[in-house]
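Heads up: the sequence lines are chains X and G, in that order.
Counting from 1, position 20 in the first sequence corresponds to residue 20 in our numbering; the numbering is continuous, with no gaps.
Quick note, our numbering runs 1000 ahead of the 1-based positions in the second sequence.
Ideal Cβ placement from N, Cα and C applies to all residues, glycine included.
Since the structure is predicted, the reported quantities are computational estimates derived from the model, not experimental observations.
Below is one structure, written out as structure tokens; the observations come after it.
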Amino acid sequence: QQQVKQSPQSLIVQKGGISIINCAYENTAFDYFPWYQQFPGKGPALLIAIRPDVSEKKEGRFTISFNKSAKQFSLHIMDSQPGDSATYFCAATFKAAGNKLTFGGGTRVLVKP
Amino acid sequence: GAVVSQHPSRVICKSGTSVKIECRSLDFQATTMFWYRQFPKQSLMLMATSNEGSKATYEQGVEKDKFLINHASLTLSTLTVTSAHPEDSSFYICSASTAIGELFFGEGSRLTVL
């Protein structure tokens, strides 16, 4: 059972554009939602994370929007740059799970110059 | 952010041999470490949860005798792939949990079994 569904699988955006990646979850016990960025041949790097007590969190060009009632959250990359080209994974976990992450399927983002 | 180091980053071995991969948290103590496996263009698949001083908890379908995990200290966990075969070739990634629940990943170890 896939508890975190991520879309789209791939995304092409022009430099300066906005990349939007969406995730939906099923388990209402989840209380921590991180996003990871992964470059080829490297481990994932924590990008930004949110807890369900806030609806939005912004760090630089990266923003998470969170909709608790819809059980959805999304990552927005503003002013996308070629260096943002990577695979992005959303994830979810909850404290009782010992921080064991459930990952989305990933989105390959390509930013064209 | 916190640093998690994995070693080796790449390893090639012959079929039937065993390979050990180390995961170290360099600037924090990690009571819990996680081991993942990732196939090309796929998401990360959790293999096991490693707690310092106790036996690892394996996910369903992961052979514990095949993938030996040892978490000897608060900064080191090791994954040993025993009697490796070509189908074990994959990208293995560890992560470590900080005291406040943040998770940081290692750089990954690419295993190729000939």
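Can you tell me which of the options puts its alpha carbon nearest to the alpha carbon of residue i?
{"i": "G:Ser1005", "options": "G:Leu1044, G:Thr1078 and G:Glu1059", "result": "G:Thr1078"}
{"i": "X:Phe62", "options": "X:Pro40, X:Leu47, X:Ser69 and X:Lys68", "result": "X:Leu47"}
{"i": "G:Ser1025", "options": "G:Lys1014, G:Glu1059 and G:Ser1073", "result": "G:Ser1073"}
For residue i, would you say it is in contact with chain G, using Cβ-to-Cβ distances shorter than 8 angstroms as the test?
{"i": "X:Asn99", "result": "yes"}
{"i": "X:Ala96", "result": "no"}
{"i": "X:Phe73", "result": "no"}
{"i": "X:Pro44", "result": "yes"}
{"i": "X:Phe33", "result": "no"}
{"i": "X:Gly83", "result": "no"}
Tell me where the beta strand (DSSP E) around residue i begins and ends.
{"i": "X:Thr107", "result": "Thr107 to Lys112"}
{"i": "G:Arg1024", "result": "Val1019 to Ser1025"}
{"i": "G:Glu1113", "result": "For the sequence presented, residue 1113 of chain G should be read as Val rather than Glu. Start and end: Ser1109 to Val1113."}
{"i": "G:Asn1051", "result": "Leu1044 to Asn1051"}
Which value, in whole angstroms, describes the spacing of the CA atoms of residue i and residue j?
{"i": "X:Glu59", "j": "G:His1085", "result": "44 angstroms"}
{"i": "X:Lys71", "j": "X:Pro52", "result": "10 angstroms"}
{"i": "G:Phe1039", "j": "G:Thr1082", "result": "19 angstroms"}
{"i": "X:Ala91", "j": "X:His76", "result": "15 angstroms"}
{"i": "X:Lys15", "j": "X:Ser55", "result": "27 angstroms"}
Just confirm the distance between the C-beta atoms of residue i and residue j, as a whole number of angstroms; I'd bet it's less than 8 angstroms.
{"i": "G:Ser1089", "j": "G:Leu1111", "result": "6 angstroms"}
Hey, is residue i's beta-carbon within less than 8 angstroms of any beta-carbon in chain X?
{"i": "G:Phe1104", "result": "yes"}
{"i": "G:Leu1044", "result": "yes"}
{"i": "G:Thr1049", "result": "yes"}
Indicate, with yes or no, if the ligand ADP has a heavy atom lying under 7 angstroms from the CB of residue i.
{"i": "G:Gly1016", "result": "Summarising the ligand content, the structure contains no ligands, and the ligand ADP is consequently not present."}
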